[in-house]
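Notes follow the structure.
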Amino acid sequence: MTLVLNVQGAIKSYGGTPALCGADLTLARGQWLGLLGPNGAGKTTLVRAIAGRVRLDGGTITLFDTPLNGNPGAAAAAARGRLGIVPQEIALYPLLTARENLAGFGRLNGVGRDRLPARIDRALEFAGLSERADDRVKTFSGGMKRRLNIACAILHEPELLLLDEPTVGVDPQSRQRIWEMLDELRRGGASILLTTHGLEEAQQVCETITIIDHGKAIAAGTFPELLRQTIGASRRVVVRAELDDDQRRTLAADGRLTIGPDGVIEASIDNVAADLSALLRDLAAANVPVRDLHIEAPGLQAVFLHLTGRELRE
Numbered sequence: 084m085t086l087v088l089n090v091q092g093a094i095k096s097y098g099g100t101p102a103l104c105g106a107d108l109t110l111a112r113g114q115w116l117g118l119l120g121p122n123g124a125g126k127t128t129l130v131r132a133i134a135g136r137v138r139l140d141g142g143t144i145t146l147f148d149t150p151l152n153g154n155p156g157a158a159a160a161a162a163r164g165r166l167g168i169v170p171q172e173i174a175l176y177p178l179l180t181a182r183e184n185l186a187g188f189g190r191l192n193g194v195g196r197d198r199l200p201a202r203i204d205r206a207l208e209f210a211g212l213s214e215r216a217d218d219r220v221k222t223f224s225g226g227m228k229r230r231l232n233i234a235c236a237i238l239h240e241p242e243l244l245l246l247d248e249p250t251v252g253v254d255p256q257s258r259q260r261i262w263e264m265l266d267e268l269r270r271g272g273a274s275i276l277l278t279t280h281g282l283e284e285a286q287q288v289c290e291t292i293t294i295i296d297h298g299k300a301i302a303a304g305t306f307p308e309l310l311r312q313t314i315g316a317s318r319r320v321v322v323r324a325e326l327d328d329d330q331r332r333t334l335a336a337d338g339r340l341t342i343g344p345d346g347v348i349e350a351s352i353d354n355v356a357a358d359l360s361a362l363l364r365d366l367a368a369a370n371v372p373v374r375d376l377h378i379e380a381p382g383l384q385a386v387f388l389h390l391t392g393r394e395l396r397e
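To convert, note that position 133 of the sequence shown is 216 in this note's numbering; the numbers rise steadily by one, no gaps.
Next up, the structure:
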């Protein structure tokens, strides 16, 4: 496994308020990594430190085998030149057209004049904006701006893309298109680091996940690995039935079952085929008529809440 990014012990405070307290993170070539955490956990500060917009107080960042912190030389600049950065705030010029924005960001990122027109056309098609190429950005929807934001960040064909909440506030169609754009980049060999609050989407698209809280990485791995490390892979079975008092008492005596006041029976099972059959046999033996049944697999949200708590963060 070849690492393109290795962050060790990152420390950063703002006016005495800690933002990063020894955060670690690694990203392999061609990998899609989701960086997750509650509000104020340190995600954006970490991304900005990697991008060179924040100077760490301690720790190390190595990008493409090049140490970055405390290194103002040409090697560090060249390594960061291989980054594409999509900030949480839309970074576009609203009075310019989509094509003009792409031209400006392409030149800023070192794309030569001879290569720029073809790359702009390709980026417009990639973002689904070819028909709006010469319209001013201020007339675009939020989803169109987000897609153009990504297109501006990839004109120089970066090897590592940093995205901070790229789908916030967009409609479902634009969100789906953004995921398709990012998957196409990854299949083309780019590595992707993504921060998002969309836990269901992160579970679906990210190969590995790092969860950060209070400035530290508190868990890292694939979703199945995180599941095993935390709440386990047991399924929750929810059965809706009509119960009389005798049936309720009989089932309540079984310590494996939870009986709700509205006839909802809940159980935890490890082996769907064997345990579910046994549960249904027990219900049938108690003459319980089952009206409905569904099985819930634990998701990333359950893992996230287990690790970070349910307290609301502002």
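A virtual CB, placed ideally from N, CA and C, is assigned to each residue, including glycine. Note that this is a predicted model, so its numbers are computed, not measured.
query	result
Counterpart residues of residue 377 in DSSP-defined beta bridges	321
Local Cβ density within 10 Å of residue 247, reported as buried at 16 or more and exposed below that	buried
Inter-stretch contact at 8 Å, needing at least 3 Cβ pairs: the region 116-133 / the region 286-306	yes
Alpha-carbon spacing of residue 398 relative to residue 261, whole angstroms	Outside the displayed span of the chain (84 to 397) sits residue 398, for which this structure offers no information.
Candidates 111, 90, 355: closest to residue 272 by CA position	111
Span separating the alpha-carbon of residue 172 from that of residue 84	33 Å
Residue 101 - containing beta strand (DSSP E), residue span	100-111
Endpoints, beta strand (DSSP E) assigned at residue 442	The question about residue 442 has no answer here: the residues shown for the chain are numbered 84 through 397.
Simplified DSSP state of residue 355, which is helix, strand or coil	helix
Limits of the unbroken alpha helix (DSSP H) element including residue 371	Counting along the chain, residue 371 falls outside any alpha helix (DSSP H), and DSSP gives it neither H nor E.
Continuous alpha helix (DSSP H) stretch holding residue 261: start and end	255-270
Cβ of residue 204 within 8 Å of any chain B Cβ	Absent from the structure is chain B; it holds one protein chain and no more.
Limits of the unbroken alpha helix (DSSP H) element including residue 288	282-288
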